[in-house]
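Novice: Below is one structure. I have some questions about it.
Protein chains: 2
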Amino acid sequence: MDQERPVKLSDISKALNLSVSTVSRALNDSHEIGDETKRIVQSYAAKVNYRPNLIAQSLKEMKTRYIAIIVPEISNSFFAEIVNGVEFVANSQGYHVVIYQTQDSTEREINIIRDVARRKADGLLLSPSTNQKEVKEVMKSTGAKLPVVYFDRVPSDNYCHKVVCDNYQAAFDATTWLIKQGKRRIAHMAGPSGISISIERMAGYSAALLNAGISVDPNLIRYSNFLAQEAWDNLRDLEEKYQPDAYFASSDRLSFYCYEAVQKLPEPRASEVKIVGFTNAPLAHLLRPKLSAIVQPAFDMGKIAAEMLLNTITKKNKDIEYGFIKLPALLKNTE
Amino acid sequence: MDQERPVKLSDISKALNLSVSTVSRALNDSHEIGDETKRIVQSYAAKVNYRPNLIAQSLKEMKTRYIAIIVPEISNSFFAEIVNGVEFVANSQGYHVVIYQTQDSTEREINIIRDVARRKADGLLLSPSTNQKEVKEVMKSTGAKLPVVYFDRVPSDNYCHKVVCDNYQAAFDATTWLIKQGKRRIAHMAGPSGISISIERMAGYSAALLNAGISVDPNLIRYSNFLAQEAWDNLRDLEEKYQPDAYFASSDRLSFYCYEAVQKLPEPRASEVKIVGFTNAPLAHLLRPKLSAIVQPAFDMGKIAAEMLLNTITKKNKDIEYGFIKLPALLKNTE
DNA sequence: TAAATTTACGCAATCGTTTGCGTAAATTAA
DNA sequence: TTAATTTACGCAAACGATTGCGTAAATTTA
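Top to bottom, those sequences are chains A and B. Just so we're aligned: the first sequence equals residues 1 to 335 in our numbering. Just so we're aligned: the second sequence equals residues 336 to 670 in our numbering.
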């Protein structure tokens with residue numbers, strides 16, 4: 001039953017003295033093939049372990065039955081959980097998921113999008129590190145009609161599918177909690193300015209301060225891109241000049257940079273400065289002193305994003321209706 | 336320059352009054368096309384943003400220019416780093432990497448291997464959660480001649496490409512270090528029995544004990560599969576009955592289960608029991624008390640595995656020469 | 001019983017490329 | 001000047017599957 005090369009339809013057709021088209025239809029259980037013939041073909045195909053060549057199928061049908069997801073990095077637990085949610089839904093509907101990493105490089109991101117288009121993925125889940133306009137340009141220039149669902153970092157307009165968590169509320173809650181702990185000089189380690197998550201988290205942070213009668217001090221707000229050096233420089237500068245009594249960190253990485261920097265401070269500051277940050281890392285709750293965490297419902301975000309994408313892929317009526325889902329994020333590990 | 340659907344060769348050929356074959360050859364810089372024609376075709380193709388359809392190319396050439404990597408889970412830093420190493424090499428050679436997760440399910444693993452074969456990946460990097468024999472069976476039944484490089488968990492025979500770290504030495508060093516810390520009742524939390532890494536790490540652990548004149552106590556050795564519950568049960572049982580003074584954990588997950596279990600113990604045990612475990616998690620070094628870590632050179636393992644795979648893919652002479660690379664792993668975070 | 005319909009299959013085009021082969025025209029060699 | 005070669009292109013098959021259409025034979029209908 002083993003063979004040297006994959007069995008194809010014409011192998012079966014020759015062996016059974018049937019035409020290729022009959023074999024194809026028999027395997028696809030077409031009504032225009034006799035029951036007896038079907039039985040013969042199907043059992044023979046099973047015996048020789050026939051598997052349709054997916055490339056040929058894809059070329060014919062102009063469908064690949066796979067969706068792509070582009071994330072900054074897979075080792076980030078937040079994105080890993082999203083991927084898991086996506087796979088959960090996609091696999092259950094017979095789709096495969098191809099994961100791409102941009103490592104937060106615009107160049108890589110654009111190349112990947114081009115490649116996804118050329119390989120004719122049926123859809124794309126995207127959390128762009130890049131300028132939104134540029135992404136849409138690239139997408140258009142491929143000429144592909146590639147359905148896209150944005151998640152986490154999303155465009156500001158309403159002409160696209162989006163899945164996010166309630167960044168504003170989460171940032172508000174986190175900052176408010178720090179204030180309740182008696183903190184007043186709360187630094188905000190923000191991600192790159194200009195992208196949706198940074199803007200919303202900043203807004204929540206500011207609102208919480210103002211709500212508590214604390215004015216927003218621009219000196220305590222630092223934007224960092226994805227390079228570790230920039231974050232470290234910001235942290236050192238903050239410690240030297242302003243000595244905040246708490247940090248609110250806007251991403252997984254920034255949370256850990258903050259945590260590490262604070263732990264290196266001399267006591268008693270090291271154990272007095274409180275930190276709360278966005279993170280889905282399962283190890284975070286093992287840290288002492290605690291790193292309080294805003295945990296996003298990443299798995300669900302992935303599930304929902306995949307469902308939206310597959311819906312638009314398989315939809316018959318072409319009138320698009322853009323979806324915008326916002327899920328709550330929870331503050332955890334606050335003793 | 337934008338268009339509604341992707342431009343294909345025949346679009347260009349019509350627009351320029353040339354045959355499709357001439358256009359194809361011109362774009363591929365064939366010597367049998369005049370310089371002037373080439374210039375015209377290439378500039379027009381650039382103008383209309385022509386990108387070859389990779390599915391059609393793949394079907395024609397029976398090559399897809401992508402390789403697959405199958406890992407238990409991507410959120411595990413060890414595997415994430417391996418993937419990064421693989422992508423580093425593969426991308427530089429024009430290959431794309433498709434990542435699959437088995438979540439340590441045999442069923443998923445087999446389905447994925449089948450799918451990889453059907454989609455005609457040019458090669459496969461595999462760290463099987465599954466019975467080796469079964470994996471080879473499945474591979475054979477697809478009829479695909481799919482080059483494979485195993486990494487981390489590898490078959491015992493020498494008729495395949497393998498990349499591993501020196502598990503024996505690392506386990507020996509880790510155990511020896513614990514002994515030097517004055518520990519005698521060192522428990523070993525091992526992974527599933529029967530797979531290469533478990534066997535080798537167990538051997539290193541035993542050798543270190545014997546080397547120090549300590550007999551190996553089977554009660555202190557616990558095999559756990561990938562389910563958290565099993566590990567927790569083992570840990571509770573160990574604590575109730577034997578109260579080891581140190582733990583040597585054989586994987587990322589087991590390390591953290593151990594760490595968490597120990598931290599929950601009443602003092603002074605919680606701070607006296609020492610733990611050393613295999614982990615590549617960047618957060619591990621932030622833990623206090625320390626979690627000493629055996630760090631595998633995951634990025635390099637990924638690079639080497641990808642190089643081996645791409646070599647066998649692109650090799651002209653068909654006589655296979657199997658490679659077996661073993662890299663050292665380092666004990667870190669031991670103050 | 002003749003006509004209409006259904007059943008069960010084969011032929012050939014198609015998806016978008018690549019490539020072996022054929023062939024005029026242009027060039028070189030004899 | 002004629003023959004041999006090279007240049008520069010087009011035709012058509014191929015990769016492996018799906019599918020519209022055509023058509024004998026079998027069945028049903030009038």
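Think of the CB as a built atom: it goes at the ideal place given N, C-alpha and C, for glycine as much as any other residue.
For the pair the stretch 161-178 of chain A and the stretch 402-411 of chain B, tell me if three or more CB-CB distances fall below 8 Å.
Specialist: Not touching, per the Cβ criterion.
Novice: Any idea what DSSP makes of B/C593, helix, strand or coil?
Specialist: Indexing the second sequence from 1 puts residue 593 of chain B at position 258. Three-state DSSP puts B/C593 in a helix.
Novice: Helix, strand or coil for B/M524? Go by DSSP, reduced to three states.
Specialist: In the second sequence, the residue the question calls residue 524 of chain B occupies position 189. Looking at B/M524 - three-state DSSP - the assignment turns out to be strand.
Novice: Say whether chain B places a C-beta atom closer than 8 Å to the C-beta of A/F256.
Specialist: For the purposes of this step, residue 256 of chain A is identified with residue 256 of the first sequence, where counting begins at 1. Closer than 8 Å to some Cβ of chain B, the Cβ of A/F256 qualifies, so yes.
Novice: Quick one: what's got a C-beta closer than 8 Å to B/I390's C-beta in the same chain, skipping five residues either side?
Specialist: Residue 390 of chain B sits at position 55 when you count from the first residue of the second sequence. Around B/I390: no qualifying Cβ.
Novice: If you follow the beta strand (DSSP E) that B/G458 is part of, which residue opens it and which one closes it?
Specialist: Numbered from its first residue, the second sequence carries residue 458 of chain B at position 123. Where B/G458 is concerned, the enclosing beta strand (DSSP E) stretches over 458-461.
Novice: Considering only the beta carbon of each residue, do A/Y247 and A/I275 sit closer than 8 Å?
Specialist: Along the first sequence, read from residue 1 onward, the residue named residue 247 of chain A stands at position 247. Along the first sequence, read from residue 1 onward, the residue named residue 275 of chain A stands at position 275. Taking 8 Å as the Cβ cut-off, A/Y247 and A/I275 qualify as a contacting pair.
Novice: Apply the 10 Å Cβ neighbour rule to B/G539 and answer buried if 16 or more other Cβ atoms are within range, or exposed otherwise.
Specialist: By one-based count along the second sequence, residue 539 of chain B stands at place 204. Buried is the call here.
Novice: Could you tell me if B/F486 is buried or exposed, where buried requires 16 or more neighbouring beta carbons within 10 angstroms of its beta carbon?
Specialist: As a working mapping, residue 486 of chain B is identified with position 151 in the second sequence. Flag for B/F486 reads buried.
Novice: Could you have a look at B/F414 and say whether DSSP puts it in helix, strand or coil?
Specialist: If you number the second sequence from 1, residue 414 of chain B lands on position 79. In this structure, B/F414 counts as helix in the three-state DSSP scheme.
Novice: Could you give the distance in angstroms between the alpha-carbon of A/S24 and the alpha-carbon of B/A479?
Specialist: As a working mapping, residue 24 of chain A is identified with position 24 in the first sequence. As a working mapping, residue 479 of chain B is identified with position 144 in the second sequence. Approximately 21 Å between the Cα atoms of the pair.
Novice: Just checking, does the stretch 294-309 of chain A make contact with the stretch 121-133 of chain A on the three C-beta pairs under 8 Å criterion?
Specialist: Segments in contact, yes.
Novice: Please decide whether B/V483 counts as near chain A, where near means a Cβ-Cβ distance under 8 Å.
Specialist: Walking along the second sequence from the start, residue 483 of chain B turns up at place 148. Not an interface residue.
Novice: From B/I447 to B/T437, what does the alpha carbon distance come to, in whole angstroms?
Specialist: As a position in the second sequence, residue 447 of chain B is number 112, starting the count at 1. As a position in the second sequence, residue 437 of chain B is number 102, starting the count at 1. Looking at the two C-alpha atoms, the distance is approximately 8 Å.
Novice: Which residues does DSSP pair with B/K609 in a beta bridge?
Specialist: Position 274 of the second sequence, counting from 1, holds the residue named residue 609 of chain B. According to DSSP, which records beta bridges pairwise, B/K609 is partnered with B/A581.
Novice: Report the rounded CA-to-CA distance for B/V428 versus B/K650, giving the unit in angstroms.
Specialist: Along the second sequence, read from residue 1 onward, the residue named residue 428 of chain B stands at position 93. Along the second sequence, read from residue 1 onward, the residue named residue 650 of chain B stands at position 315. The residue you asked about is not Val; residue 428 of chain B is Gln in the sequence shown. So the alpha carbons of these two residues sit roughly 14 Å apart.
Novice: Who are the Cβ neighbours of A/A170 in its own chain at under 6 Å, not counting the five residues just before and after it?
Specialist: Numbered from its first residue, the first sequence carries residue 170 of chain A at position 170. The answer, listed in chain order, is I294, A329.
Novice: In terms of residue numbering, what span does the alpha helix (DSSP H) encompassing B/S378 cover?
Specialist: As a working mapping, residue 378 of chain B is identified with position 43 in the second sequence. Where B/S378 is concerned, the enclosing alpha helix (DSSP H) stretches over 370-382.
Novice: Throw me the rounded Cβ distance for the A/T142 and B/P341 pair, which I believe falls under 8 Å.
Specialist: Along the first sequence, one-based indexing puts residue 142 of chain A at 142. Along the second sequence, one-based indexing puts residue 341 of chain B at 6. Indeed, because the Cβ distance is near 7 Å, the residues count as touching under 8 Å.
Novice: Would a check of beta-carbon distances place A/S129 closer than 8 Å to chain B?
Specialist: Stepping through the first sequence from its first residue, residue 129 of chain A is reached at position 129. Taking Cβ atoms only, chain B never reaches closer than 8 Å to A/S129, which makes this a no.
Novice: Could you run through the stretch 452-477 of chain B and flag, in chain order, every residue whose CB is less than 8 Å away from some CB of chain A?
Specialist: Cβ contacts with chain A come from A452, R453, R454, K455, K475, S476, T477.
Novice: Please list the terminal residues of the continuous beta strand (DSSP E) segment that includes A/F324.
Specialist: For the purposes of this step, residue 324 of chain A is identified with residue 324 of the first sequence, where counting begins at 1. Where A/F324 is concerned, the enclosing beta strand (DSSP E) stretches over 324-327.
Novice: Counting C-beta neighbours from all protein chains within 10 Å, is the total for A/P218 16 or more, i.e. buried, or is it exposed?
Specialist: Translated into the one-based positions of the first sequence, residue 218 of chain A becomes position 218. So A/P218 counts as exposed.
Novice: Give the residues of chain B in contact with A/L59, contact being defined as C-beta atoms less than 7 Å apart.
Specialist: Against the first sequence, residue 59 of chain A aligns to sequence position 59. I390, A391, L394, listed in chain order.
Novice: Using the C-alpha atoms, what's the distance from B/N384 back to B/T372?
Specialist: Translated into positions along the second sequence, residue 372 of chain B becomes position 37. Translated into positions along the second sequence, residue 384 of chain B becomes position 49. C-alpha separation (whole angstroms): 18 Å.
Novice: Secondary structure at B/N569, three-state DSSP: helix, strand or coil?
Specialist: Counting from one through the second sequence, the residue named residue 569 of chain B turns up at place 234. The answer is helix: DSSP assigns B/N569 an H, G or I state.
Novice: For A/S196, I'd like the list of residues in its chain whose CB is within less than 6 Å of its CB, leaving aside the five on either flank, ordered along the chain.
Specialist: Here residue 196 of chain A corresponds to residue number 196 of the first sequence, with the count starting at 1. Cβ within range, chain order: R153, V154.
Novice: If you reduce the DSSP assignment to three classes, tell me which class A/V216 lands in.
Specialist: Taking the first residue of the first sequence as 1, we reach residue 216 of chain A at position 216. Three-state result, A/V216: coil.
Novice: Going along chain A in order, which residues have a C-beta closer than 8 Å to the C-beta of B/A616?
Specialist: Translated into positions along the second sequence, residue 616 of chain B becomes position 281. Within chain A, the residues near B/A616 are L283.
Novice: DSSP three-state label for B/F486, please.
Specialist: Reading the second sequence from its first residue, position 151 is the one you call residue 486 of chain B. Residue state, collapsed to three classes: strand.
Novice: Verify the CB distance criterion: does A/K14 have a CB-CB separation below 8 Å to chain B?
Specialist: Position 14 of the first sequence, counted from the start, is the residue given in the question as residue 14 of chain A. Taking Cβ atoms only, chain B never reaches closer than 8 Å to A/K14, which makes this a no.
Novice: Determine whether the Cβ of B/L621 lies closer than 8 Å to any Cβ atom of chain A.
Specialist: In the second sequence, residue 621 of chain B corresponds to position 286, counting from 1. With 8 Å as the cut-off, B/L621 counts as an interface residue toward chain A.
Novice: Using 8 Å as the threshold, is the C-beta distance between B/I521 and B/P579 below it?
Specialist: Walking along the second sequence from the start, residue 521 of chain B turns up at place 186. Walking along the second sequence from the start, residue 579 of chain B turns up at place 244. The answer is yes: Cβ separation under 8 Å.
Novice: So with CB distances below 7 Å, who are the chain A contacts of B/D450?
Specialist: For the purposes of this step, residue 450 of chain B is taken as the residue at position 115 of the second sequence. Here the neighbours are H96.
Novice: Whose Cβ in chain B lies nearer than 7 Å to the Cβ of A/V7?
Specialist: The count along the first sequence starts at 1 and reaches residue 7 of chain A at position 7. Under the 7 Å cutoff, chain B gives G478.
Novice: With burial defined as no fewer than 16 other Cβ atoms inside 10 Å of the residue's Cβ, what is the status of B/S365: buried or exposed?
Specialist: Taking the first residue of the second sequence as position 1, residue 365 of chain B is located at position 30. Burial call: exposed.
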